[in-house]
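Under UniProt numbering, the first residue of the sequence shown is numbered 1, with each subsequent residue one higher. Contents: one structure, followed by commentary.
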Amino acid sequence: MPKEARWRERESLAVGRRHHATVVLEAGSQTLLGVFGGFNKGCSLSCELYDVSHDR
Numbered sequence: 001m002p003k004e005a006r007w008r009e010r011e012s013l014a015v016g017r018r019h020h021a022t023v024v025l026e027a028g029s030q031t032l033l034g035v036f037g038g039f040n041k042g043c044s045l046s047c048e049l050y051d052v053s054h055d056r
């Protein structure tokens with residue numbers, strides 16, 4: 001997890017969404033964010049993984 005307690009602008013997700021769910025996944029030394037569902041011109045059924053350390 002980030003050591004800083006402040007907001008920073010990061011790379012955008014592939015699909016813009018609102019009212020989604022996010023979960024923190026730790027795999028060894030790697031921290032990922034799983035982003036699921038939400039809305040973008042209708043209900044989104046997609047999900048994405050965001051790699052925190054590589055900002056992608």
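By construction, the Cβ of each residue, glycine as well, lies at the ideal position given by its N, Cα and C atoms.
- Assigned with DSSP and collapsed to three states, aspartate 55 falls in coil, not helix or strand.
- For leucine 33, the enclosing beta strand (DSSP E) begins and ends at 30-36.
- Between the alpha carbons of glycine 38 and alanine 14 lies a gap of roughly 13 Å.
- Counted as a single uninterrupted DSSP element, the stretch harbouring valine 15 is not any beta strand (DSSP E), since DSSP gives it neither H nor E.
- When DSSP states are grouped into helix, strand and coil, leucine 25 belongs to the strand group.
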